[in-house]
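Here the structure is laid out as structure tokens; the discussion comes afterwards.
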Amino acid sequence: MQRIFVSHVASISQTVLALPALRALRHSLPNSHITIASSYAAADIVQLSHCANLVVPVSRSSEMTNPRASYRSLKSLSALRREHYDLTIELQRNAEGGFARWLAQIGSGKRHKKLLSQIREVLLRKSLQQKHTAQRYIEILAEIGAHPIDTEPRLYTDRAADERIEQRLEKSGMLSSGLLVGIHPGAGRNKDHWSAENFTTVAAKLIHTLDARVLIFAGPNERGLARVMAKQLPAKRALALESLSLPEMASAMARLSVFIGNQSGPAHLAAAVGTPVVAVSLRHISHTNDLLSRNHTLIRKETFEAITTDEVFEAACQLIKSNRAESLWAR
14 MQRIFVSHVA SISQTVLALP ALRALRHSLP NSHITIASSY AAADIVQLSH
64 CANLVVPVSR SSEMTNPRAS YRSLKSLSAL RREHYDLTIE LQRNAEGGFA
114 RWLAQIGSGK RHKKLLSQIR EVLLRKSLQQ KHTAQRYIEI LAEIGAHPID
164 TEPRLYTDRA ADERIEQRLE KSGMLSSGLL VGIHPGAGRN KDHWSAENFT
214 TVAAKLIHTL DARVLIFAGP NERGLARVMA KQLPAKRALA LESLSLPEMA
264 SAMARLSVFI GNQSGPAHLA AAVGTPVVAV SLRHISHTND LLSRNHTLIR
314 KETFEAITTD EVFEAACQLI KSNRAESLWA R
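The opening position of the sequence shown corresponds to residue 14 in our numbering, with each subsequent residue numbered one higher.
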């Protein structure tokens with residue numbers, strides 16, 4: 014059985030965008046044992062994709078302050094030196110991923126030295142091109158005959174996480190009939206984003222106009238923000254979700270009629286589980302990491318101040334309407 018090591022130590026957004034390429038690799042080599050090194054934050058995404066036999070979490074530089082992440086990373090990296098791989102691929106170029114691939118190569122033979130050299134040359138060439146990230150990944154793995162079977166990222170949900178979310182929503186009264194809307198007002202550490210006040214205004218409109226219930230998501234660096242927003246909305250109509258694992262977040266997002274947020278990791282995650290997404294972004298930000306989904310609306314302007322609550326609300330309503338129409342036709 015062929016053993017393949019893929020290093021992709023990257024952000025949540027980039028990991029979601031790597032899924033079509035990783036699925037192509039899995040499909041083209043169904044009997045191979047595939048190990049994928051992923052960032053600590055995004056490792057569960059690879060697990061939920063069912064593309065790997067083994068996922069190795071490796072800390073990025075921004076995760077080094079997390080003791081648990083650092084411990085798991087050191088343990089994973091030390092184990093790589095003892096493994097043998099027939100082929101090692103660095104899909105995302107960075108120091109952490111390069112080190113992981115180097116360790117994986119220590120115990121590996123030289124049978125694929127020429128092929129590895131070719132792949133490294135392609136990787137360098139593709140990394141300099143301003144193509145969409147997902148397309149770059151696909152072209153890199155096409156060098157070894159892994160051709161895409163999906164045009165969009167796709168994730169499964171975890172059954173245990175589904176059950177935990179079901180219980181939490183039921184306990185909070187969020188499972189009543191009607192729309193369930195998700196909002197993520199953050200955008201990662203030290204990144205510009207649309208204001209929490211604007212998201213609160215959109216949430217209030219959805220509650221009053223469409224009788225929606227709102228789930229407000231917050232990441233590890235955004236704690237407190239979701240609770241503040243929930244308190245500003247009608248009682249028992251909004252629930253702050255601030256301590257979810259990534260599988261739990263995916264399970265919660267899969268239940269939504271629409272997800273609204275900045276174009277960041279959670280928006281990519283919501284799109285990958287099949288949820289309609291309204292995302293906001295700035296024009297000067299590179300388009301290479303844009304959402305990859307047929308069921309999304311990206312509102313992009315020169316400044317966040319130029320994006321109005323009315324246009325985000327209308328975009329959400331349009332996606333809800335379109336999704337309902339598709340559901341009726343499918344019956």
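Glycine included, each C-beta is placed from N, C-alpha and C at the ideal position.
Closest by C-alpha distance to ARG313, out of VAL286, GLY237 and TRP207, is TRP207.
Per DSSP, THR222 is not a residue of any beta strand (DSSP E); the alpha helix (DSSP H) it occupies stretches across 209-223.
For ALA248 and THR214, the gap between their C-alpha atoms comes out near 15 Å. Counting along the chain, LEU282 sits inside the alpha helix (DSSP H) bounded by residues 278-285. Put simply, the backbone Cα of VAL290 is about 28 Å away from that of LEU154. Between the segment 90-109 and the segment 18-31 there are three or more inter-stretch CB-CB distances shorter than 8 Å, so the stretches are counted as touching. When DSSP states are grouped into helix, strand and coil, ILE333 belongs to the helix group.
A check of alpha carbon separations from GLU318 across GLY191, LEU93, ARG296 and VAL59 identifies ARG296 as the nearest.
CA-to-CA, the gap between LEU182 and LEU32 works out to about 29 Å. Between LEU38 and GLN15, the CB-CB gap reaches or exceeds 8 Å. Taking the CA atoms as reference points, HIS46 sits about 51 Å from THR222.
The continuous alpha helix (DSSP H) containing GLU152 extends over residues 146-155. The segment 326-334 makes contact with the segment 271-291, as at least three CB pairs between them are under 8 Å. Between the beta-carbon of VAL271 and that of LEU168 there is about 18 Å, and that puts the pair past the 8 Å contact cut.
Going by C-alpha positions, ASN275 is about 16 Å away from MET262. Using a Cβ distance threshold of 8 Å, MET187 and ARG226 count as a contacting pair.
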